[in-house]
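Just so you know, the protein sequences line up as chains A and B, in that order.
Convert by adding 1 to the 1-based position in the first sequence; the result is the number in my numbering.
Convert by adding 1 to the 1-based position in the second sequence; the result is the number in my numbering.
Just below is one structure, and these are the notes that go with it.
Protein chains: 2
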Amino acid sequence: MPPKSTIPDLPQPSTASNDSMLSRKFGREVANYFSGSPLNRVGFLRSDNVFLSQALKHPSTSFLATKDLQPLISGPAKLAWLKFDDIKSVIGEDPYAQTEEEMIKAYDSEKIVPQMIFLGIDEAISGEGKALSYTNKKNTYTGAPYFAVDLTPKGNVKEECERLIKEWDGRGLKFATGRPMDWSAPDAALYAEARQLLDWNARNPFCAQCGQPTLSVNGGFKRTCPPTDASLSKSRLTNAISTTSSTPTPSTERPPCATRTGISNVCFPRTDPTVIMAVVNAAGDKILLGRQRRWPQYWYSTLAGFAEPAESVEEAVRREVYEESGILVGRVVIHSTQPWPYPANLMIGAVGQAVPEGEKIDLGNDPELDDAKWFDFGEVREALRVGTSALGEEAGPEYKEGGLRLPPQTAIAHQLVSSVVNGFASGAAKI
Amino acid sequence: MPPKSTIPDLPQPSTASNDSMLSRKFGREVANYFSGSPLNRVGFLRSDNVFLSQALKHPSTSFLATKDLQPLISGPAKLAWLKFDDIKSVIGEDPYAQTEEEMIKAYDSEKIVPQMIFLGIDEAISGEGKALSYTNKKNTYTGAPYFAVDLTPKGNVKEECERLIKEWDGRGLKFATGRPMDWSAPDAALYAEARQLLDWNARNPFCAQCGQPTLSVNGGFKRTCPPTDASLSKSRLTNAISTTSSTPTPSTERPPCATRTGISNVCFPRTDPTVIMAVVNAAGDKILLGRQRRWPQYWYSTLAGFAEPAESVEEAVRREVYEESGILVGRVVIHSTQPWPYPANLMIGAVGQAVPEGEKIDLGNDPELDDAKWFDFGEVREALRVGTSALGEEAGPEYKEGGLRLPPQTAIAHQLVSSVVNGFASGAAKI
């Protein structure tokens with residue numbers, strides 16, 4: 002049996018390049034936009050503050066700055082990468098000087114440090130001085146490190162952030178606006194990782210289990226609920242002084258929290274699985290598409306929705322299609338997946354097939370859609386040729402008013418639709 | 002083109018029956034344990050308190066009681082179903098008497114009501130008196146409703162819960178222990194839905210955005226951060242009285258919270274996507290399995306781990322296999338999925354193939370595994386025949402000490418291994 006040929010090829014070309022050490026030479030599935038990161042995340046080194054500290058200060062290290070979750074860019078569709086010296090005045094000489102244990106012991110909820118994320122290392126970069134080499138027990142990891150840092154002006158770093166942002170603005174570095182759908186695959190993937198983790202930290206400053214403020218650890222990939230808080234000493238001291246003249250030794254201890262005595266998922270970043278599906282009719286010659294009221298006229302896409310607790314992806318596909326369109330789906334096959342960092346989705350793309358007795362459209366269950374319709378494959382093929390665009394943009398020059406419009410190639414919806422009308426559901430082996 | 006044949010069959014028989022209206026007649030994929038729910042969740046009715054109230058009191062309605070997340074059972078592997086009258090003394094005459102808007106306005110963080118989950122309706126049940134019929138705008142939904150209710154003794158319902166539990170105990174109804182892996186598919190799926198949602202509510206009594214206590218709404222599928230809290234009036238009144246003799250009108254208003262002005266995922270149940278994968282070697286005749294130290298001797302399974310923010314499932318598979326075993330995976334195909342309610346996982350099962358230059362096992366990156374090894378397909382087929390069992394149980398009578406042991410048929414790991422050694426990676430069309 003020849004190597005690499007034991008699982009047949011997929012019909013679609015990749016839309017994102019696969020540059021990472023883990024997939025550069027090997028991955029052959031549909032790699033959707035926002036995937037295709039060039040980094041090895043070396044997640045097992047995130048708890049090693051000696052590594053993080055060396056990575057932070059290495060000359061090969063790059064920093065992505067964000068403001069209100071938008072990245073600093075050096076031009077249209079191009080991330081700006083900063084050096085340690087550019088941001089030292091905000092993050093300090095070494096935010097990783099302490100071990101996690103020491104950080105937890107010294108926790109002070111009133112001390113605000115800008116949120117940082119360790120993104121990973123680019124192992125395509127090597128050579129003395131050009132890349133960091135770090136040995137952890139017996140293995141050595143070599144590459145150029147990447148971090149993201151939130152420079153939204155606030156708290157005690159407000160003025161310094163504002164100063165830096167003004168300075169960069171003078172050098173032509175601005176913060177992006179909107180949602181990028183035309184960036185290079187590596188830039189899109191790096192930004193996706195940074196954005197999703199910065200957003201998660203920003204949405205979860207308090208412990209959902211006990212309501213107390215939490216501390217970011219593990220290179221930005223975990224939040225922990227410390228047992229003590231130095232700022233309590235200050236507030237308790239103030240209270241004590243107001244009622245007694247002696248000098249007490251106020252406690253810094255916080256109420257107990259269940260997350261301290263076991264592993265709880267509320268401490269870890271959240272990713273919400275969603276399903277997105279191209280549904281074909283029983284005869285295999287029509288595809289179900291829907292539209293939301295706020296979309297441009299004639300614009301349709303695949304149906305989609307959040308997976309619910311305790312259902313399989315296949316069940317979620319059937320439920321969402323039924324809720325939104327009334328169609329009953331039988332067979333479901335998963336096609337490919339796409340990270341979607343707005344704020345934290347994992348889109349699981351599937352192809353489903355309606356059963357003959359379940360093809361009648363009914364928008365009356367959950368009125369989420371403005372319309373849903375069966376489209377002939379031929380009409381869809383024509384729309385893929387002339388009518389695709391990003392949501393805010395015009396269709397191409399050959400597009401004729403009234404014709405079907407569809408999402409761009411960087412959307413997994415486009416990949417699913419394209420797969421289906423180009424033979425995915427033909428009965429031949431496609432995956 | 003004949004209907005239903007446009008997407009080829011999967012090689013594996015279902016391990017769970019598909020009883021639901023949405024999949025009963027149609028689903029043909031591998032339906033893993035904990036999927037296969039017989040219910041239509043009718044999620045769009047969860048915000049309709051008139052529906053919930055009617056469902057609660059209908060004679061066809063069943064209640065699953067839990068204590069510390071364990072379900073009440075009427076015998077080994079059999080859920081006990083209660084009626085409204087059995088639990089009325091704890092939940093009250095009608096916990097759904099108010100609309101969500103009214104509940105939020107009347108919010109009092111000191112008032113504890115047992116957590117309830119609306120699971121869905123069984124549409125296989127119909128007929129006057131035997132099933133609830135409810136018309137929402139233009140559609141009518143008919144079936145027997147199902148709820149779960151947490152009867153863990155605590156707060157103001159502690160004594161009544163204890164009394165009921167003792168009474169049921171006398172009738173032979175006990176709470177289960179451990180994790181059931183041998184229940185019927187419908188019972189397992191119903192319990193999975195109940196458990197995951199009860200657990201999520203229990204882990205998230207506070208708003209992660211602002212630290213204030215939250216209110217369960219939407220049939221248990223959402224938590225909201227109310228703008229006022231009646232109990233603040235009481236505490237502020239107490240404080241006010243201690244410092245002044247006049248009678249103030251204390252405010253019940255809480256500090257602002259960002260979740261009140263937009264949609265935030267922290268308000269919705271959390272599901273953590275995980276990857277679990279059978280990895281074959283480049284030649285397609287060996288499979289990679291690993292073991293954890295706490296497992297019985299000779300017991301191996303597929304590798305698995307949590308998906309990280311902003312990576313595709315395919316990337317997560319490559320990263321986890323690299324971290325845990327050092328193996329470099331090229332091609333990845335998703336096989337099937339399994340809900341896993343301990344506490345909130347969605348297991349996404351995949352088959353991956355190592356590249357020829359990446360087959361060397363290295364446990365030194367992230368030392369999670371006690372061992373990882375390549376196994377010949379022949380050895381694995383024999384283990385599937387004689388050496389499978391649940392974790393705490395003995396292998397079958399034909400098993401010989403020293404032979405490979407594997408997880409039971411109800412585990413997705415078993416399904417993946419079985420698929421691979423029975424031809425999934427042979428090049429023939431299997432999905």
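Don't be surprised by glycine CBs; every beta carbon is placed ideally from N, CA and C.
In this text the structure is predicted, and so the values were computed from the model without any measurement.
Legend entry - Cβ shell of T253 of chain B (< 7 Å), same chain only, five flanking positions each side left out: Cβ neighbours of T253 of chain B beyond the five flanking positions: T229, D230, A231, L233 and S234.
Legend entry - Which listed residue (B:A396, B:E394 and B:D273) has its alpha carbon closest to that of N346 of chain A: The shortest Cα separation from N346 of chain A among B:A396, B:E394 and B:D273 belongs to B:D273.
Inset, instruction - Would you check if there are 3 or more beta carbon pairs closer than 8 Å linking the segment 58 to 77 of chain A to the segment 150 to 157 of chain A? - result: Put simply, the segment 58 to 77 of chain A touches the segment 150 to 157 of chain A. At least three CB pairs are less than 8 Å apart.
Inset, instruction - For chain B, find out if any of its Cβ atoms is closer than 8 Å to the Cβ of G379 of chain A; answer yes or no. - result: Proximity of G379 of chain A to chain B, defined by a Cβ-Cβ separation below 8 Å, is not satisfied.
Legend entry - Opening and closing residue of the alpha helix (DSSP H) in which A81 of chain B lies: A81 of chain B: not part of any alpha helix (DSSP H); DSSP gives it neither H nor E.
Legend entry - Cα-Cα separation, D200 of chain A to P206 of chain A: Between the alpha carbons of D200 of chain A and P206 of chain A lies a distance of about 11 Å.
Legend entry - T178 of chain B (DSSP reduced to helix, strand or coil): Coil at T178 of chain B, not helix or strand.
Inset, instruction - Put P187 of chain B into one of helix, strand or coil per three-state DSSP. - result: Reduced to three states, the DSSP call for P187 of chain B is helix.
Inset, instruction - Mind listing the chain B neighbours of S265 of chain A? Cutoff is C-beta to C-beta under 7 Å, in chain order. - result: Among the residues of chain B, those whose CB is under 7 Å from the CB of S265 of chain A are R204, following chain order.
Legend entry - Range of the contiguous alpha helix (DSSP H) that encloses G435 of chain A: Chain A is shown from 2 up to 432; residue 435 of chain A falls before or after that span and cannot be answered.
Inset, instruction - Give the straight-line distance between the Cα atoms of Y323 of chain B and F45 of chain A, rounded to the nearest whole angstrom. - result: Approximately 11 Å, taken between the alpha carbons.
Legend entry - Rounded distance between the beta-carbons of T262 of chain B and C226 of chain B, thought under 8 Å: About 11 Å separates the Cβ atoms of C226 of chain B and T262 of chain B, ruling out a contact at the 8 Å cut-off.
Legend entry - Three-pair Cβ contact test at 8 Å for the segment 106 to 117 of chain A versus the segment 32 to 40 of chain A: Fewer than three pairs of CB atoms, one per stretch, sit closer than 8 Å, so the segment 106 to 117 of chain A makes no contact with the segment 32 to 40 of chain A.
Inset, instruction - Say yes only if the C-beta of K361 of chain B is nearer than 7 Å to one or more non-hydrogen atoms of the ligand SAH, and no if none qualify. - result: Absence of the ligand SAH is noted for the structure shown, with no ligands found whatsoever.
Inset, instruction - Figure out for me which residue from A:S38, A:V43 and A:P39 has the closest Cα to the Cα of P368 of chain B. - result: The option with the nearest alpha carbon to P368 of chain B is A:V43.
Legend entry - Unbroken beta strand (DSSP E) run spanning H336 of chain A, endpoints: Per DSSP, H336 of chain A belongs to the beta strand (DSSP E) from V330 to W341.
Legend entry - Cβ pair count under 8 Å reaching 3, the segment 179 to 198 of chain B against the segment 396 to 405 of chain A: Judged by Cβ distances under 8 Å, the segment 179 to 198 of chain B makes no contact with the segment 396 to 405 of chain A, as fewer than three pairs qualify.
Inset, instruction - Per DSSP, which residues does E254 of chain A bridge with? Please list them. - result: Partner(s): A:T229.
Legend entry - Exposed unless 16 or more other CB atoms sit within 10 angstroms - verdict on D363 of chain B: D363 of chain B is exposed by the Cβ-count criterion.
Inset, instruction - Establish whether the CB of W482 of chain A and some CB of chain B are separated by less than 8 Å. - result: Residue 482 of chain A lies beyond the range of chain A shown here (2 to 432); nothing can be said about it.
Legend entry - Opposing strand residues paired with P214 of chain B [DSSP bridges]: The secondary-structure analysis by DSSP pairs P214 of chain B across a beta bridge with B:F207.
Inset, instruction - Identify the contact partners of N366 of chain B in chain A, using a Cβ-Cβ distance below 7 Å as the criterion. - result: Simply F45 and N140.
Legend entry - Neighbouring residues, chain B, relative to P270 of chain A (Cβ below 7 Å): Near P270 of chain A (Cβ distances below 7 Å), the residues of chain B are P310.
Legend entry - Cβ of V198 of chain B within 8 Å of any chain A Cβ: With the sequence shown as reference, residue 198 of chain B is identified as Leu, and Val is not the correct amino acid for it. At least one CB of chain A lies nearer than 8 Å to the CB of L198 of chain B.
Inset, instruction - Consult DSSP for P310 of chain A and reduce its assignment to one of helix, strand or coil. - result: Correct three-state label for P310 of chain A: coil.
Legend entry - DSSP state of G327 of chain B mapped onto helix, strand, coil: In the displayed model, G327 of chain B falls within coil according to three-state DSSP, outside both helix and strand.
Inset, instruction - With DSSP as the reference, please indicate the residues paired to G121 of chain A in a beta bridge. - result: Looking at the DSSP assignment, G121 of chain A forms a beta bridge with A:Y147.
Inset, instruction - Can you tell me which of the three DSSP states M22 of chain A falls into? - result: In this predicted model, M22 of chain A has a pLDDT of only 43, less than 50, meaning its place in the structure is not dependable; the value taken from the coordinates is given anyway. Coil, per DSSP.
Legend entry - Inter-residue Cα distance where the pair is L385 of chain B and P344 of chain B: Going from the Cα of L385 of chain B to the Cα of P344 of chain B covers about 28 Å.
Legend entry - Neighbour flag for I335 of chain A against chain B, beta carbons, 8 Å: Under the Cβ distance rule, I335 of chain A counts among the residues neighbouring chain B, one pair being separated by less than 8 Å.
Legend entry - For I113 of chain B, three-class secondary structure by DSSP: In this structure, DSSP gives I113 of chain B a state outside helix and strand, which the three-state scheme calls coil.
Inset, instruction - Output yes if chain A places a C-beta closer than 8 Å to the C-beta of A412 of chain B; else output no. - result: For A412 of chain B, the nearest beta carbon of chain A is not closer than 8 Å to its own beta carbon.
Legend entry - Residue range of the unbroken beta strand (DSSP E) whose run includes V381 of chain B: In the DSSP annotation of this structure, V381 of chain B is not part of any beta strand (DSSP E); the continuous alpha helix (DSSP H) holding it starts and ends at F378 to V387.
Inset, instruction - Could you say which of A:E358, A:P342, A:V280 and A:G365 lies nearest to A414 of chain A if we only look at CA atoms? - result: When A:E358, A:P342, A:V280 and A:G365 are compared, the shortest CA-CA separation from A414 of chain A is found for A:V280.
Legend entry - Collapsed DSSP secondary structure at D86 of chain B in the structure displayed: If DSSP states are grouped into helix, strand and coil, D86 of chain B belongs with the helices.
Inset, instruction - Would you mind reading off the limits of the alpha helix (DSSP H) that contains N50 of chain A? - result: Per DSSP, N50 of chain A belongs to the alpha helix (DSSP H) from N50 to K58.
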